[in-house]
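First up is the structure itself, then whatever we jot down about it.
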Amino acid sequence: MRMTGALTAAGVASGDEVIVPAYDTGELARAVVAAGAAPVFADIDPRTYCLSPDTVGRALTPRTAAVVLVRRFGYPADTASFAELTTAQGVLLVEEEDGEGLGGDVAQRRERARYLDRRLVGVATPAPADGHRYQRYVVRVPGNGRPDRDAFARLLKRRGVACEVPVPTPVHRMREFRRDEWVLHATERAADETLALPSLDALSPAELRRLVSVCNALGGLLQPA
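The sequence shown begins at 1272 in our numbering and counts up by one.
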């Protein structure tokens, strides 16, 4: 893995800890293990899905060798805060893209995102952020958690709208990494509620309008708990 090589080249080794997000597929945590180190999970900022500087600060120990900061879905991460934190602690900061939708027309994606932001109801649209590139357009489905989100996703697919749960199981709940000490409320809520809608790069104006129509017809049926 590329991340394993980067960590090994930076001197990360057996006995070290590397802080990574649990709102992820598990690849980063496995790369840390392959480098001989132990993954430590910190919670995310619920608006951007990137690691939260405060929770990372609380997760630091004398064994911490690195922090892996992932820019999720095109959201900008708080790089300055992390650089200050890791420099003060003598810890390596590794920045990583989540790998989705790195190409495409960013200006066009932002325009289409604004269109959806103004028109979608029944779901929570992405939190605004300067520099957001909308590599994925991720909404939250309100209600009682995962059952509502999953039912909503099934209905969208039946109506021909592609969608995907970006993180079905947060990494700290996977069997290979599960430990009772991980308390990551923002991560768990995001894993229960988030849904990635079709890529904004591929949607025609007519498809955008249909997406709004289908989502709004279904979203109006969901009520917050």
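Virtual Cβ for every residue (Gly too), placed ideally from N, Cα, C.
It should be emphasised that the depicted structure is a prediction, and the values quoted were computed from it without experimental measurement.
With 16 or more other CB atoms across the displayed protein chains lying within 10 angstroms of its CB, L1471 is buried. Sorting A1300, T1279, L1468, M1274 by C-alpha distance to the C-alpha of R1380 places L1468 at the top.
Cβ-Cβ distances below 6 Å link A1330 to I1290, V1311, A1313 in the same chain, with the five nearest sequence neighbours on each side left out; the list follows chain order.
Residue pairing by DSSP places L1466 opposite V1410 in a beta bridge. Per DSSP, the continuous alpha helix (DSSP H) segment holding A1330 begins and ends at 1324–1330.
Each residue's CA atom was taken as its position, placing N1487 and L1391 some 6 Å apart. Bounds of the beta strand (DSSP E) holding R1342 are 1335–1342. Residue nearest to V1436 within the set T1296, A1281, E1382 is T1296 (criterion: CA-CA distance).
Y1408 is positioned such that its CB atom lies closer than 9 Å to that of P1397. One Cα belongs to E1452, the other to R1446, and the distance between them is close to 14 Å. Under the three-state reduction of DSSP output, E1366 falls in the strand class. The three-state secondary structure of F1312, taken from DSSP, is strand.
Relative to E1459, the option among Q1360, V1412, V1341, T1440 whose CA is nearest is T1440. Beyond the five residues adjoining it in sequence on each side, R1318 comes within less than 6 Å, by CB distance, of A1398 in the same chain, given in chain order. If you look at V1289, you'll find it in the beta strand (DSSP E) that goes 1288–1292. Contact between V1365 and A1277 holds, since their C-beta atoms are separated by about 6 Å, short of 8 Å. When rounded, the separation of the alpha-carbon atoms in A1280 and F1344 is 27 Å.
Taking C-beta atoms as the reference points, V1442 and A1306 fail to come closer than 9 Å.
The three-state secondary structure of A1348, taken from DSSP, is coil. Annotation for H1403: G1345, Y1346 place their beta carbon closer than 6 Å to its own, counting only its chain and skipping 5 residues before and after. Per DSSP, G1375 is not a residue of any alpha helix (DSSP H), being assigned neither H nor E. Going by DSSP, V1304 is part of the alpha helix (DSSP H) stretching over 1298–1305.
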